[in-house]
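These notes are about the structure you will find just below.
Residue numbers (our numbering): 45 to 163.
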(Lines of atoms letter the chains of each structure in order from A; the text may use other names.)
(Lines give C-alpha, C1' and ligand atoms only; values in the text may rest on other atoms or scores of the structure.)
Protein backbone atom coordinates (compact mmCIF):
# COMPACT_ATOMS: atom_id res chain seq x y z
CA UNK A 45 0.00 0.00 0.00
CA UNK A 46 1.27 3.45 -0.93
CA UNK A 47 2.11 5.58 2.12
CA UNK A 48 3.09 8.93 0.59
CA UNK A 49 1.93 11.19 -2.19
CA UNK A 50 -0.38 14.07 -2.98
CA UNK A 51 -3.34 14.21 -0.64
CA UNK A 52 -6.40 16.18 0.29
CA UNK A 53 -6.62 17.63 3.80
CA UNK A 54 -3.18 16.72 5.14
CA UNK A 55 -3.71 19.80 7.29
CA UNK A 56 -7.01 21.47 8.18
CA UNK A 57 -6.08 24.71 6.43
CA UNK A 58 -4.63 23.40 3.16
CA UNK A 59 -6.83 21.65 0.62
CA UNK A 60 -4.04 19.91 -1.27
CA UNK A 61 -0.50 19.01 -0.32
CA UNK A 62 2.25 16.43 -0.19
CA UNK A 63 1.99 13.74 2.48
CA UNK A 64 5.35 12.23 3.35
CA UNK A 65 3.95 9.46 5.54
CA UNK A 66 0.22 8.76 5.69
CA UNK A 67 0.47 6.35 8.62
CA UNK A 68 2.50 8.78 10.72
CA UNK A 69 0.11 11.63 9.95
CA UNK A 70 -2.91 9.54 11.03
CA UNK A 71 -1.11 8.66 14.26
CA UNK A 72 -0.21 12.32 14.82
CA UNK A 73 -3.86 13.34 14.40
CA UNK A 74 -4.96 10.68 16.90
CA UNK A 75 -2.33 11.65 19.45
CA UNK A 76 -2.27 15.46 19.26
CA UNK A 77 -5.45 16.88 17.77
CA UNK A 78 -8.53 17.63 19.87
CA UNK A 79 -10.80 14.61 20.14
CA UNK A 80 -13.69 16.69 18.81
CA UNK A 81 -11.78 17.21 15.53
CA UNK A 82 -10.26 13.79 14.99
CA UNK A 83 -13.18 12.05 13.24
CA UNK A 84 -13.56 14.79 10.62
CA UNK A 85 -9.81 15.11 10.05
CA UNK A 86 -9.44 11.35 9.56
CA UNK A 87 -12.51 11.11 7.33
CA UNK A 88 -11.31 13.85 4.95
CA UNK A 89 -7.59 13.05 4.91
CA UNK A 90 -6.88 10.89 1.87
CA UNK A 91 -4.09 10.10 -0.51
CA UNK A 92 -5.11 10.86 -4.06
CA UNK A 93 -4.78 7.81 -6.30
CA UNK A 94 -1.96 8.58 -8.75
CA UNK A 95 -4.05 7.47 -11.72
CA UNK A 96 -6.73 10.00 -10.71
CA UNK A 97 -4.22 12.80 -10.28
CA UNK A 98 -2.34 12.17 -13.49
CA UNK A 99 -5.58 11.92 -15.48
CA UNK A 100 -7.47 14.64 -13.66
CA UNK A 101 -9.79 16.77 -15.81
CA UNK A 102 -8.54 20.19 -16.82
CA UNK A 103 -6.39 21.91 -19.39
CA UNK A 104 -3.16 22.33 -17.42
CA UNK A 105 -2.13 19.11 -15.73
CA UNK A 106 1.46 18.68 -14.62
CA UNK A 107 2.98 15.73 -16.49
CA UNK A 108 4.34 14.18 -13.31
CA UNK A 109 3.02 15.51 -10.01
CA UNK A 110 5.67 13.61 -8.07
CA UNK A 111 8.27 16.04 -9.40
CA UNK A 112 6.44 19.06 -8.00
CA UNK A 113 7.32 18.21 -4.40
CA UNK A 114 11.05 18.53 -5.18
CA UNK A 115 10.77 21.96 -6.79
CA UNK A 116 11.56 25.27 -5.18
CA UNK A 117 8.62 26.71 -3.22
CA UNK A 118 7.97 29.45 -5.80
CA UNK A 119 7.90 26.97 -8.69
CA UNK A 120 5.67 24.65 -6.68
CA UNK A 121 3.21 27.46 -5.96
CA UNK A 122 3.10 28.41 -9.65
CA UNK A 123 2.20 24.86 -10.68
CA UNK A 124 -0.47 24.65 -7.99
CA UNK A 125 -1.93 27.99 -9.08
CA UNK A 126 -1.93 26.94 -12.73
CA UNK A 127 -3.76 23.74 -11.78
CA UNK A 128 -6.19 25.07 -9.20
CA UNK A 129 -9.23 24.29 -11.36
CA UNK A 130 -8.06 20.72 -11.88
CA UNK A 131 -7.41 20.25 -8.17
CA UNK A 132 -10.82 21.66 -7.23
CA UNK A 133 -12.65 19.40 -9.71
CA UNK A 134 -10.80 16.37 -8.40
CA UNK A 135 -11.55 17.39 -4.81
CA UNK A 136 -15.25 17.73 -5.61
CA UNK A 137 -15.24 14.24 -7.09
CA UNK A 138 -13.20 12.47 -4.38
CA UNK A 139 -14.45 14.36 -1.32
CA UNK A 140 -18.23 14.82 -1.69
CA UNK A 141 -20.07 16.86 0.95
CA UNK A 142 -16.79 18.24 2.24
CA UNK A 143 -17.03 21.19 4.66
CA UNK A 144 -13.99 22.86 3.02
CA UNK A 145 -14.33 26.65 3.11
CA UNK A 146 -11.79 28.39 0.90
CA UNK A 147 -10.27 31.78 1.57
CA UNK A 148 -11.38 34.59 -0.71
CA UNK A 149 -7.98 35.01 -2.40
CA UNK A 150 -6.86 31.37 -2.77
CA UNK A 151 -9.23 28.38 -3.08
CA UNK A 152 -6.43 25.99 -2.01
CA UNK A 153 -6.16 27.70 1.39
CA UNK A 154 -9.00 27.78 3.88
CA UNK A 155 -10.34 25.50 6.57
CA UNK A 156 -12.42 22.40 7.27
CA UNK A 157 -13.53 24.07 10.50
CA UNK A 158 -15.27 27.26 9.29
CA UNK A 159 -17.04 27.80 12.62
CA UNK A 160 -13.76 27.74 14.54
CA UNK A 161 -12.68 31.11 13.16
CA UNK A 162 -9.14 30.12 12.17
CA UNK A 163 -9.36 30.94 8.48
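No residue lacks a Cβ here, since even glycine has one placed at the ideal position from N, Cα and C.
Pick from the options that is closest to residue i, judged by C-alpha positions
i	options	result
residue 134	90, 121 and 159	90
residue 132	51, 45 and 87	51
residue 141	76, 81 and 87	87
residue 47	160, 145, 94 and 149	94
residue 146	72, 137 and 157	157
residue 125	144, 149, 71 and 72	149
Beta bridge counterpart(s) of residue i as assigned by DSSP
i	result
residue 70	DSSP, once it has assigned bridges, lists no residue as partnering residue 70.
residue 153	58
residue 91	51
Counted within 10 angstroms of its Cβ, other Cβ atoms place residue i as buried (16 or more) or exposed
i	result
residue 63	buried
residue 155	buried
residue 54	buried
residue 69	buried
residue 60	buried
residue 85	buried
Cβ-Cβ distance between residue i and residue j below 9 angstroms
i	j	result
residue 151	residue 130	no
residue 58	residue 153	yes
residue 79	residue 56	no
residue 92	residue 138	yes
Proximity test, Cβ basis, 9 angstroms: residue i and chain C
i	result
residue 95	Note that chain C does not occur in the displayed structure, where there is just one protein chain.
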